[in-house]
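One structure below.
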Amino acid sequence: MTITETSAPTAGSVADRPAVEALIGDTVAALLPADDAWQVAPGAAPFPDGALHAVGARLGDHVVAIVATADMSRRVQVGPPPADDLIDALAPAFAALGDALGLGAPDDVIVVDPRAVEAERTDAALSCALLDGGSHLVTIVVTPPEPDAADAPDPVSFQPIVGSPTAGGRSSLDVLHEVQMGVTVELGRTRMPLRDILSLVPGSVIELDRPASAPVDVLVNGTLIARGEVVVIDEEFGIRITEVLGHEPPAHGSAAP
């Protein structure tokens, strides 16, 4: 009897592309919670619908991104936002992918923009979708390195496109100012055993994971953009913004632009 030793498919096995994509999906699915059993759909998977969060990392010379719906991101976070908790939750998945694909330990695990992941995806990228009970919640994209410059085709040059304002002299971005977007204010979160949830009655009190003096989160389409404090205006709740993420106030003594 002759025993032939075989190895797991690697990211460079072009002939085994479907098997590699299935391996990628199975590896990540094994580390994520699911209401039902995960269904792995290898192939050129699109991103899920709705608000998305994405975490990326470098595995060797490959770039890997895990793109999930906002709801799925909340399910895997090890604590309340910010995004560092999402990084901590998905770091084991990147480590498992590095081992499964023979690419080593992950580097530079960071939160990324899903639109940037889609823009940088190439035809050579490996992709896989994860479905929970038929609902598409996660897409994994593994992008191999670009070919050497010597093997790359000659670049094609185009004449620059000269933009022009839209009718009425408005810039092209002005048309977006009236677009409606969902704004959510989050007071806090908690985790409860199912038996406690089923025992809730009018008058029950749920303790949240946030002190009473802490600001509340303001989210747009599931993305944290600001923090503030709750106020009452004409017998209705309102939020006074105290911090806008990414906004730096002008230096003391300088005039605001």
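If you count by the working numbering, then the sequence shown holds residues 885 to 1141, one letter each, in order.
Note that CB positions come from ideal geometry on N, CA and C, so glycine has one too.
All values reported here derive from a predicted model rather than from experimental measurement.
With C-beta atoms as the reference, is residue i less than 8 Å away from residue j?
i: L1010; j: V996; result: no
i: L974; j: V939; result: yes
i: L1129; j: L1108; result: yes
i: P932; j: T1023; result: yes
i: V912; j: I950; result: yes
i: A954; j: L936; result: yes
i: L915; j: M956; result: no
i: L1014; j: V924; result: yes
Compute the Euclidean distance between the alpha carbons of residue i and residue j, then round it to the nearest angstrom.
i: R1111; j: P926; result: 40 Å
i: P990; j: A941; result: 6 Å
i: V1114; j: D1016; result: 36 Å
i: E1120; j: Q1064; result: 21 Å
i: A1008; j: I994; result: 23 Å
i: D1093; j: R1073; result: 6 Å
i: D1080; j: P1095; result: 22 Å
i: D919; j: P1077; result: 15 Å
i: I1090; j: A1098; result: 17 Å
i: D1118; j: H1061; result: 27 Å
i: P976; j: S1019; result: 23 Å
i: S1088; j: L1082; result: 11 Å
i: E1127; j: A903; result: 47 Å
Closer than 7 Å by C-beta to residue i: which residues in its own chain qualify, once you throw out the five before and the five after it? Chain order, please.
i: T1006; result: T1027
i: A928; result: S1011
i: E1070; result: V1100, D1101, L1103
i: L987; result: A895, L943, G944, H946
i: P998; result: F931, L936, A938, V951
i: R959; result: P917
i: N1105; result: A935, M1065, G1066
i: E1004; result: T1027
Who are the near neighbours of residue i in its chain, counting only those whose CB is closer than 8 Å to its CB and skipping five residues on each side?
i: P1029; result: D945, H946
i: G1122; result: V1114, V1115, V1116
Going along the chain, which residues of its own chain have a beta-carbon closer than 6 Å to the beta-carbon of residue i, five neighbours each way excluded?
i: R1124; result: G1112, E1113, V1115
i: P1141; result: Confidence at P1141 is low in this model, with a pLDDT of 44, below 50, so the placement of that residue should be treated as unreliable; the coordinate-derived value is given next. There are no such residues.
i: T1068; result: L1103
Using a beta-carbon distance below 8 Å, is residue i in contact with chain D?
i: A1000; result: In the structure shown, chain D cannot be found, because there is only a single protein chain.
Completely contained alpha helix (DSSP H) runs for the region 911 to 973, where each covers 4 or more residues: 954 to 960
Extract the residue ranges of the beta strand (DSSP E) inside the region 1100 to 1135, only unbroken runs of 3 or more that lie entirely within it. 1100 to 1104, 1107 to 1117, 1120 to 1128
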